[in-house]
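Asks: Take a look at the following structure, please.
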Amino acid sequence: MQSDLGFALFGTPIGLKAKKFGFYENFRINYFDIDNTEIKVLPNSSLYRVNRFIQKGDFYITFFIYEFAKARNSEREGCFNGASIGFKNCFASSEIILSHLHELLAYANFGLQNNSRFKVEDFESIYIRRTFAQDLQKSLKKNPSKPITSGETVFFKLNESFSSKLNLIDSIFTEELNNYSDIYFSSSVKTEEYIRDKNKIPIKFINLDFKSLSEARRNFLNELHVQKNSLLSQIEQNQKTSRHLSEKITHSIKEIERLNGLVNDLKVNANNFDSIIKEGKKYEEEINILEQKCSTLKKSVEDKKEKEEELDLSLKSFQKKIKIMEGEFDTLVLLKDKMDLTLKNMETIISKKKSAFGL
Numbered sequence: 028m029q030s031d032l033g034f035a036l037f038g039t040p041i042g043l044k045a046k047k048f049g050f051y052e053n054f055r056i057n058y059f060d061i062d063n064t065e066i067k068v069l070p071n072s073s074l075y076r077v078n079r080f081i082q083k084g085d086f087y088i089t090f091f092i093y094e095f096a097k098a099r100n101s102e103r104e105g106c107f108n109g110a111s112i113g114f115k116n117c118f119a120s121s122e123i124i125l126s127h128l129h130e131l132l133a134y135a136n137f138g139l140q141n142n143s144r145f146k147v148e149d150f151e152s153i154y155i156r157r158t159f160a161q162d163l164q165k166s167l168k169k170n171p172s173k174p175i176t177s178g179e180t181v182f183f184k185l186n187e188s189f190s191s192k193l194n195l196i197d198s199i200f201t202e203e204l205n206n207y208s209d210i211y212f213s214s215s216v217k218t219e220e221y222i223r224d225k226n227k228i229p230i231k232f233i234n235l236d237f238k239s240l241s242e243a244r245r246n247f248l249n250e251l252h253v254q255k256n257s258l259l260s261q262i263e264q265n266q267k268t269s270r271h272l273s274e275k276i277t278h279s280i281k282e283i284e285r286l287n288g289l290v291n292d293l294k295v296n297a298n299n300f301d302s303i304i305k306e307g308k309k310y311e312e313e314i315n316i317l318e319q320k321c322s323t324l325k326k327s328v329e330d331k332k333e334k335e336e337e338l339d340l341s342l343k344s345f346q347k348k349i350k351i352m353e354g355e356f357d358t359l360v361l362l363k364d365k366m367d368l369t370l371k372n373m374e375t376i377i378s379k380k381k382s383a384f385g386l
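At the far end of the sequence shown sits residue 386, using the working numbering, and the numbering has no gaps.
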């Protein structure tokens, strides 16, 4: 957004909150507040304000609208919802200013129903249509930058309907703006009585002829009312879309948190990765040794089996030889017995021979 335009939403749900755009981003939040000791936003009433000042050679004029709203968790008076549009060295037509002020207020008031307590605590969550600033920018005109001759504050009491505010803003540009730095106006009798009791701000009455309003402005006000209802419907639809998106975002955040947990676990495991590799290499070496031992053992088993087979063959051959030897031994025994018998016979014969010869 260009620096010649600013707009803001603000209110007092719990302390003063504001959502600022354009050059308003550099303004302190208390610029949008009002002093309850001088003027107050009362129930069933609205309050308009125009402020103008010169800063570093630039002429600023700002427009405000305030509406009563109950504070949350409190019964104190003077709380409000509001909107503001500001111009630097330029301005827009009264129709544009009022229509855009009320559009901003509709955004700020979306969470309110029948002056109920605030439903919106964080103004950062309020949706504003994307083309709002572009539409304002197209309507800007150069400000003649009249000299400021007074810094007084004044309250104008209106006796006419909302439509008369159009003529009032026009008259402010042409007559009253140069005389006062801060101008308030409202049609509320109670607001007038409050200011009269405080006696801090002078009161002036503006008598505007309602019949003098042009037919074009009447049509504009009717169109503004239609646009307001359409805008509220659009805001409601945007809020539903926003809630749906919020649910999706919440689901996505949970999924991201789950993935982050997995990543963190992987990071923890990665820190031990070197030691895991070393342990793995150690186990790999041990496995290789075991495989070698198993291979050697397998070969030993095969060798053992081969030797057992050879031994078995040798044993069988030995057993066969033993049987042969046993047979031969039996034959030798028989031969020995025969020889013993023969010897014995021979000894008998010899003995007989000796006896025969007288030996």
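All C-beta atoms in this analysis are idealised placements derived from N, C-alpha and C, irrespective of residue type, glycine included.
1. According to DSSP, is Val290 part of a helix, a strand, or is it coil?
2. Quick test of your reading: Asn108 and Gly38, contact by CB under 8 Å. State the CB separation rounded to the nearest angstrom.
3. Throw me the rounded Cβ distance for the Val181 and Lys231 pair, which I believe falls under 8 Å.
4. Measure the beta-carbon distance from Phe114 to Ile88 and round it to whole angstroms, keeping in mind my assumption that it falls under 8 Å.
5. Let's test the definition: count the other Cβ atoms within 10 Å of the Cβ of Leu272 and tell me whether it reaches 16, buried, or not, exposed.
6. Would you call Glu130 buried or exposed, if buried means 16 or more other Cβ atoms sit within 10 Å of its Cβ?
7. Quick check on the burial criterion: 16 or more other C-beta atoms within 10 angstroms. Buried or exposed for Phe91?
8. Between Asn256, Thr358, Phe118, Thr369, which lies nearest to Lys165 when the distance is taken from Cα to Cα?
9. Less than 8 Å between the CB of Asp339 and some heavy atom of the ligand ADP, yes or no?
10. How many angstroms separate the CA atom of Gln264 from the CA atom of Glu122?
11. What does Gln82 pair with, by DSSP beta-bridge criteria?
12. DSSP on Phe54, reduced to helix/strand/coil?
13. Could you give the first and the last residue of the continuous beta strand (DSSP E) run that contains Lys47?
14. DSSP on Asn71, reduced to helix/strand/coil?
15. Excluding sequence positions up to five away, which residues of its chain have a Cβ less than 7 Å from the Cβ of Ile222?
16. Quick check on the DSSP output: the beta strand (DSSP E) that includes Ser126 runs from which residue to which?
17. For Arg103, which of Tyr93, Lys83, Leu69, Ser111 has the nearest alpha-carbon?
18. Straight-line CA distance for Glu269 to Ile280?
19. Using the rule of at least 16 other Cβ atoms within 10 Å of the residue's Cβ for burial, across every protein chain shown, is Val77 buried or exposed?
20. Just how far apart, CA to CA, sit Glu374 and Leu361?
21. Quick check on Lys227: does DSSP put it in helix, strand or coil?
22. Going by C-alpha distance, which of Glu355, Ser378, Phe80 is nearest Ser208?
23. Based on DSSP bridge pairs, tell me the residues matched to Ile349.
24. Going by CA-CA distance only, name the one from Asn136, Lys332, Ile61, Ala160 that's closest to Asp31.
25. Under the assumption that Tyr93 contacts Ile61 (Cβ atoms under 8 Å), give the Cβ distance between them as a whole number of angstroms.
26. If you measure between the beta carbons of Ser257 and Ser72, is that distance less than 9 Å?
27. Which residues mark the beginning and the end of the beta strand (DSSP E) in which Asp209 is found?
28. Classify Arg76 as helix, strand or coil using the three-state DSSP reduction.
29. Using the DSSP secondary-structure output, state which residues sit across from Ser111 in a beta bridge.
30. Between which two residues does the alpha helix (DSSP H) containing Leu163 stretch?
31. Residues in the same chain with beta-carbon distance under 8 Å from Glu219, minus the five sequence neighbours each way, listed in chain order, please.
32. In terms of alpha-carbon separation, which member of Thr64, Lys371, Leu342, Asn291 lies closest to Lys225?
33. Roughly how many whole angstroms lie between the Cα atoms of Glu318 and Leu324?
34. For Thr180, which residues does DSSP report across the bridge?
35. How long is the line joining the alpha carbons of Ile124 and Ile112, rounded to whole angstroms?
36. Counting C-beta neighbours from all protein chains within 10 Å, is the total for Lys348 16 or more, i.e. buried, or is it exposed?
Replies: In short:
1. For the purposes of this step, residue 290 is taken as residue 263 along the sequence shown, with counting starting at 1. It is helical.
2. The residue given as residue 108 occupies position 81 in the sequence shown. The residue given as residue 38 occupies position 11 in the sequence shown. Between Gly38 and Asn108 the Cβ distance is about 4 Å, and since that is below 8 Å, they are a contact.
3. Here residue 181 refers to the residue found at position 154 of the sequence shown. Here residue 231 refers to the residue found at position 204 of the sequence shown. Going by Cβ atoms, the distance from Val181 to Lys231 rounds to 6 Å, so yes, they are a contact pair.
4. The sequence position of residue 114 within the sequence shown is 87, counting from 1. The sequence position of residue 88 within the sequence shown is 61, counting from 1. Sure, about 5 Å apart at Cβ, within 8 Å.
5. Start at 1 with the first residue of the sequence shown, and residue 272 comes out as number 245. It is exposed - the Cβ of Leu272 has fewer than 16 other Cβ atoms within 10 Å.
6. As a working mapping, residue 130 is identified with position 103 in the sequence shown. Classification of Glu130: buried, given that the 10 Å Cβ count is 16 or more.
7. Within the sequence shown, residue 91 is the residue found at index 64, counting from 1. Result: buried.
8. As a working mapping, residue 165 is identified with position 138 in the sequence shown. When only C-alpha atoms are compared, the closest one is Phe118.
9. Only the bare structure without any ligand can be found here, which leaves the ligand ADP out of the picture.
10. Position 237 of the sequence shown, counted from the first residue, corresponds to residue 264. Position 95 of the sequence shown, counted from the first residue, corresponds to residue 122. Those two C-alpha atoms are separated by around 27 Å.
11. Within the sequence shown, the letter at position 55 stands for residue 82. Beta-bridge pairing links Gln82 to Asp85.
12. The residue you call residue 54 lines up with position 27 of the sequence shown. The answer is coil: DSSP assigns Phe54 none of H, G, I, E or B.
13. As a working mapping, residue 47 is identified with position 20 in the sequence shown. Taken as a continuous stretch (DSSP letters only), the beta strand (DSSP E) holding Lys47 covers 44-49.
14. As a position in the sequence shown, residue 71 is number 44, starting the count at 1. Residue state, collapsed to three classes: coil.
15. Counting from 1 along the sequence shown, the entry for residue 222 is found at position 195. Answer for Ile222: Ile66, Phe182, Ile228, Ile230, listed in chain order.
16. Position 99 of the sequence shown, counted from the start, is the residue given in the question as residue 126. That residue, Ser126, is in no beta strand (DSSP E); its alpha helix (DSSP H) goes 121-135.
17. Here residue 103 refers to the residue found at position 76 when the sequence shown is read from its first residue. It is Leu69 whose Cα lies nearest to the Cα of Arg103.
18. Walking along the sequence shown from the start, residue 269 turns up at place 242. Walking along the sequence shown from the start, residue 280 turns up at place 253. For the sequence presented, residue 269 should be read as Ser rather than Glu. Rounded to the nearest angstrom, the two C-alpha atoms are 16 Å apart.
19. Locating residue 77 in the sequence shown gives position 50, where the first residue counts as 1. Counting Cβ neighbours within 10 Å, Val77 comes out buried, since at least 16 surround it.
20. As a working mapping, residue 374 is identified with position 347 in the sequence shown. As a working mapping, residue 361 is identified with position 334 in the sequence shown. Near 20 Å, if we compare the C-alpha coordinates of Leu361 and Glu374.
21. Along the sequence shown, read from residue 1 onward, the residue named residue 227 stands at position 200. Coil.
22. Taking the first residue of the sequence shown as position 1, residue 208 is located at position 181. Among Glu355, Ser378, Phe80, the Cα nearest to that of Ser208 is on Phe80.
23. Looking up residue 349 in the sequence shown gives position 322. The partner list for Ile349 (beta bridge, DSSP) is empty, contrary to what the question assumes.
24. Position 4 of the sequence shown holds residue 31. The candidate whose alpha carbon is nearest that of Asp31 is Ala160.
25. Reading the sequence shown from its first residue, position 66 is the one you call residue 93. Reading the sequence shown from its first residue, position 34 is the one you call residue 61. Yes, they are in contact, since the Cβ atoms of Tyr93 and Ile61 sit about 7 Å apart, within 8 Å.
26. The residue you call residue 257 lines up with position 230 of the sequence shown. The residue you call residue 72 lines up with position 45 of the sequence shown. For Ser257 and Ser72, no; Cβs fall outside 9 Å.
27. The residue given as residue 209 occupies position 182 in the sequence shown. Note, Asp209: beta strand (DSSP E), 209-213.
28. The sequence position of residue 76 within the sequence shown is 49, counting from 1. Of the three classes helix, strand and coil, the one that applies to Arg76 here is strand, per DSSP.
29. In the sequence shown, the residue the question calls residue 111 occupies position 84. Ala35, Phe91, per the DSSP bridge assignment.
30. Position 136 of the sequence shown, counting from 1, holds the residue named residue 163. Where Leu163 is concerned, the enclosing alpha helix (DSSP H) stretches over 159-165.
31. Translated into the one-based positions of the sequence shown, residue 219 becomes position 192. Once the five neighbours on either side are set aside, the close Cβ partners of Glu219 are Phe182, Lys184, Ser213, Ile230.
32. The count along the sequence shown starts at 1 and reaches residue 225 at position 198. The shortest C-alpha separation from Lys225 is found at Thr64.
33. Locating residue 318 in the sequence shown gives position 291, where the first residue counts as 1. Locating residue 324 in the sequence shown gives position 297, where the first residue counts as 1. Rounded to whole angstroms, Glu318 to Leu324 spans 10 Å at the Cα level.
34. Along the sequence shown, one-based indexing puts residue 180 at 153. Per DSSP, Asp209.
35. Locating residue 124 in the sequence shown gives position 97, counting from the first residue. Locating residue 112 in the sequence shown gives position 85, counting from the first residue. Roughly 7 Å separates the two Cα atoms.
36. On the sequence shown, residue 348 is found 321 positions in, with the first residue counted as 1. By the 10 Å Cβ count, Lys348 comes out exposed.
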